[in-house]
Amino acid sequence: MEQLPNNFSQTPTLHGLVKSLGHKTDIVAAAQKILAERGHEYARSTIYSTIQRNGTNNPTIEMAVLDAVEAEKKQRTELTARRQALSA
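Sequential numbering from 1 applies to the sequence shown in the UniProt record's numbering.
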């Protein structure tokens, strides 16, 4: 898994953020679920396109992808903390 530095010299792209999570993520599915909860319905290909274009074609999808990435990172941090607590 590629780790991106915590302090970016410039704002990371959506593609870079998703890629930093590793090869097997469910970010697109999670973003699609978030969008559905907010009353929007988009095809997976549209979400992939938005990630590739760094959100320039649809800010609504960009926000959902960012929310999904944030939730994934939070979940991974919590799991790591739980593992460390149990191993002590």
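Heads up, the beta-carbon is just placed ideally off N, CA and C, and yes, glycines get one too.
- Query: Between the beta-carbon of Y42 and the beta-carbon of N57, is there less than 9 angstroms?
  - Reply: Along the sequence shown, one-based indexing puts residue 42 at 42. Along the sequence shown, one-based indexing puts residue 57 at 57. Going by C-beta atoms, Y42 is not nearer than 9 angstroms to N57.
- Answer yes if the stretch 59 to 69 comes into contact with the stretch 28 to 40, meaning at least three C-beta pairs across the two stretches below 8 angstroms, and no otherwise. Cβ pair count under 8 angstroms is three or more, so yes.
- Item | Cβ-Cβ distance between T50 and I34 below 9 angstroms | Here residue 50 refers to the residue found at position 50 of the sequence shown. Here residue 34 refers to the residue found at position 34 of the sequence shown. Result no, Cβ atoms of T50 and I34 do not sit closer than 9 angstroms.
- Query: Hey, out of G39, A88, E72, whose CA is closest to G22's CA?
  - Reply: The sequence position of residue 22 within the sequence shown is 22, counting from 1. Minimum Cα distance to G22 is reached at E72.
- Item | Exposure label - M1; buried when at least 16 CB within 10 Å | Looking up residue 1 in the sequence shown gives position 1. Any reading at M1 needs caution, since the residue's pLDDT is 47, under 50, leaving its predicted position unreliable; the model's value is listed next. So M1 ends up on the exposed side.
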